Amino acid sequence: MLHLIADGKSKSGEIAGHLLNKGLLDSVSSIQKYFRVLSSMGLIRKMPIFGKRRRSRYSIASPLLDLHFYLEAKYAYTELETSVEFIRKAVDYKLPRHAEDFIADLLAKAHGLRRVSAELPELELNIALQGFKRLELVGEVKWKERVKRSEVQKIEEKLSRFDCHRVFVVPSEDVLEREPEGIEVLTPEDLLEIARESLKKTLNMEHL
């Protein structure tokens, strides 16, 4: 299950289907008990899909474990001689997704919102945070050295579908060929300030 999740299979049905075909499950429904065990051990996390009751996505909780099981599922790297350069390429491939997860979790905690998976036809968001009933914050993350005008335009079009706070996270404002309209740009410095303010609020609450 951990190999499948690290390799990009995130829904219970598709994971169960693979295991059933290999004769590792008695039925599709029997997989739920294994999800509960892995969740209770802190190995995987469950994220609800916005607007779809009782449907969720699963991911490996630790970036390091995610990288390990990805390399093992794809390349059996513990059984074969594997160069540091090869592992470095795998890290570079996985890093953007791990950055998205970290940033989304930070913003969810800072704003007191619930992280969800938002799936619309031909559209999936890097960051989707839910309040009591509706999405309160959506965003995209581009962890790269250059973000072209065409990419900024696509992100504007994507996020414009949502009537809520919209953010675009980049390593530095210098990587943008142009500023997005109607979207707050966040850099690591901004995220650090958000984390500091969140910590202050938490400490103040504890002293009340």
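In this note's numbering, each number is its position in the sequence shown, counted from 1, plus 1173.
Virtual Cβ for every residue (Gly too), placed ideally from N, Cα, C.
It should be emphasised that the depicted structure is a prediction, and the values quoted were computed from it without experimental measurement.
Is it buried or exposed for residue i, if we count other Cβ within 10 angstroms and need 16 for buried?
i: Lys1315; result: buried
i: Asp1205; result: The sequence given here has Gln at residue 1205, not Asp. Classification for Gln1205: exposed.
i: Asp1336; result: exposed
i: Gln1326; result: exposed
i: Ala1249; result: exposed
i: Asp1347; result: exposed
i: Ser1185; result: buried
i: Leu1298; result: buried
i: Met1378; result: exposed
i: Arg1351; result: exposed
i: Arg1307; result: exposed
i: Asp1265; result: exposed
i: Leu1286; result: buried
Checking 7 angstroms against the spacing of the C-beta atoms, do residue i and residue j come in under that value?
i: Phe1223; j: Val1289; result: yes
i: Tyr1231; j: Ser1200; result: no
i: Leu1240; j: Lys1267; result: yes
i: Ser1229; j: Met1220; result: yes
i: Ile1367; j: Ala1283; result: yes
i: His1191; j: Ala1246; result: no
i: Phe1259; j: Ala1179; result: no
i: Val1311; j: Leu1332; result: yes
i: Arg1334; j: Ile1356; result: no
i: Glu1313; j: Ile1328; result: yes
i: Leu1349; j: Val1320; result: yes
DSSP puts residue i in a beta bridge; with which residues?
i: Leu1349; result: Val1320
i: Val1342; result: Val1314 and Leu1359
i: Glu1297; result: Glu1292
Could you have a look at residue i and say whether DSSP puts it in helix, strand or coil?
i: Ala1234; result: coil
i: Leu1310; result: strand
i: Ser1213; result: helix
i: Pro1269; result: helix
i: Ser1185; result: helix
i: Phe1208; result: helix
i: Ser1290; result: strand
i: Met1174; result: coil
i: Ser1229; result: strand
i: Arg1334; result: coil
i: Leu1193; result: helix
i: Leu1302; result: strand
If contact is defined by three or more beta carbon pairs under 8 angstroms, each pair taking one atom from either stretch, is the region 1229-1243 in contact with the region 1297-1315? no
Below 8 angstroms, can you find three or more Cβ-Cβ pairs linking the region 1338-1355 to the region 1365-1378? no
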